[in-house]
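From first to last, the protein sequence lines stand for chains W and S. For the first sequence, our numbering assigns the number 32 to the initial residue and increments by one for each residue that follows. For the second sequence, our numbering assigns the number 32 to the initial residue and increments by one for each residue that follows.
There are 2 protein chains.
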Amino acid sequence: MKNKKINIRKKLSKFNDHWNPKVVAEMNDYQFKLAKISGEFIWHQHKSTDEVFYVVEGKMIIEFRDGKVELSKGEMFVVPKGVEHKPYAEKECHIMLIEQRGVLNTGEVKNELTAINDNWI
Amino acid sequence: MKNKKINIRKKLSKFNDHWNPKVVAEMNDYQFKLAKISGEFIWHQHKSTDEVFYVVEGKMIIEFRDGKVELSKGEMFVVPKGVEHKPYAEKECHIMLIEQRGVLNTGEVKNELTAINDNWI
Numbered sequence: 032m033k034n035k036k037i038n039i040r041k042k043l044s045k046f047n048d049h050w051n052p053k054v055v056a057e058m059n060d061y062q063f064k065l066a067k068i069s070g071e072f073i074w075h076q077h078k079s080t081d082e083v084f085y086v087v088e089g090k091m092i093i094e095f096r097d098g099k100v101e102l103s104k105g106e107m108f109v110v111p112k113g114v115e116h117k118p119y120a121e122k123e124c125h126i127m128l129i130e131q132r133g134v135l136n137t138g139e140v141k142n143e144l145t146a147i148n149d150n151w152i
Numbered sequence: 032m033k034n035k036k037i038n039i040r041k042k043l044s045k046f047n048d049h050w051n052p053k054v055v056a057e058m059n060d061y062q063f064k065l066a067k068i069s070g071e072f073i074w075h076q077h078k079s080t081d082e083v084f085y086v087v088e089g090k091m092i093i094e095f096r097d098g099k100v101e102l103s104k105g106e107m108f109v110v111p112k113g114v115e116h117k118p119y120a121e122k123e124c125h126i127m128l129i130e131q132r133g134v135l136n137t138g139e140v141k142n143e144l145t146a147i148n149d150n151w152i
């Protein structure tokens, strides 16, 4: 058991690319993913699952069709399933995502921002 | 959407009891719970689900039958389902737990440490 602890900051120091979530832990069929984000993502939704955003460092905004929420370090937000959202960050922001295994970062959209899934670090 | 963000530190400032997890968010059928812990808990297990510990402030130890792991601020650990564990903290420690809705803090044991479930803050 000893060596399975996960240090969030150490894991974050291992990559620098943006909008490319890395899996760091699994709980049943859910995954904890770390990502560095900067600039704008795309509008998308996840039809079958809620998605949790937790800010480790910096600030991010999640836009919704009816408003937006600004999240700072130590704040989290649950985006309900089926709700369209567009994350963005003015400056680089480090986040943890918690969602079901198999969820794509771009939801129902597939484009050049769609990250490889199940990418462990 | 605007007002549903969760500030972990603000939530933690709202209670002072130990070993009594408070729900702050729900994602599908999983819950995010905050707890302040101090001293020793009991040996227990969760037969049907993994459980995540994330340290927000301080240090804690999770003992297993074959060893132990020490977790500091910013570190997390997934206790696999069915693995006996005993959390403890020498000094007060603030943690976030992520587990399925309905999971009891004392697992298969029920005693005076068994917290009321689904206790939102």
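Heads up, the beta-carbon is just placed ideally off N, CA and C, and yes, glycines get one too.
Residue i: contacting residues in chain W (beta-carbon distance under 7 Å)
i	result
S/ASN38	GLY105, GLU106
Three-state secondary structure assigned by DSSP to residue i
i	result
S/ILE39	helix
W/GLY105	coil
W/ASP149	coil
S/GLY113	coil
S/LYS141	coil
W/LYS33	In this prediction, W/LYS33 scores a pLDDT of 49, lower than 50, which makes its location untrustworthy; no coordinate-derived value is stated.
Unbroken beta strand (DSSP E) run spanning residue i, endpoints
i	result
S/LEU128	116-131
W/VAL134	Element bounds for W/VAL134: n/a, residue is neither H nor E.
Listed by chain order, chain S residues near residue i by CB distance under 7 Å
i	result
W/TYR61	TYR61
Selected residue, minimal CA-CA separation from residue i, among the options
i	options	result
S/MET91	W/LYS36, W/LYS42, W/TRP151	W/LYS36
W/VAL100	W/GLY113, W/GLY89, W/PRO118, W/ASP81	W/PRO118
W/ILE73	W/GLU139, W/ILE147, W/LYS64, W/ASN150	W/GLU139
W/GLY113	W/ALA56, W/PHE95, W/ARG40	W/PHE95
W/LEU144	W/ALA120, W/ALA56, W/LEU135	W/LEU135
S/GLU130	W/GLN62, W/GLY133, W/ASN38	W/GLN62
S/LYS53	S/ASN59, S/LYS67, S/ASP60	S/LYS67
S/SER79	W/MET58, W/VAL83, W/ASP81, W/MET127	W/MET58
W/GLU71	W/ASN150, W/MET107, W/GLU123, W/ILE152	W/GLU123
S/MET158	S/GLY89, S/HIS75, S/LYS141	Summary: the structure shown does not reach residue 158 of chain S, with chain S confined to residues 32 through 152, and so no result is reported for it.
S/VAL86	S/LYS104, S/HIS77, S/SER69, S/ASP149	S/LYS104
Interface residues of chain S facing residue i [CB-CB closer than 9 Å]
i	result
W/ASP81	GLU57, MET58, ASN59, TYR61
Under 8 Å by beta carbon: chain W residues contacting residue i
i	result
S/LEU102	LYS36
| query | In chain order, which continuous runs of the alpha helix (DSSP H) of length 4 or greater are located wholly inside the stretch 35-94 of chain W? | reply | DSSP runs (the alpha helix (DSSP H)) wholly in the stretch 35-94 of chain W: 39-43.
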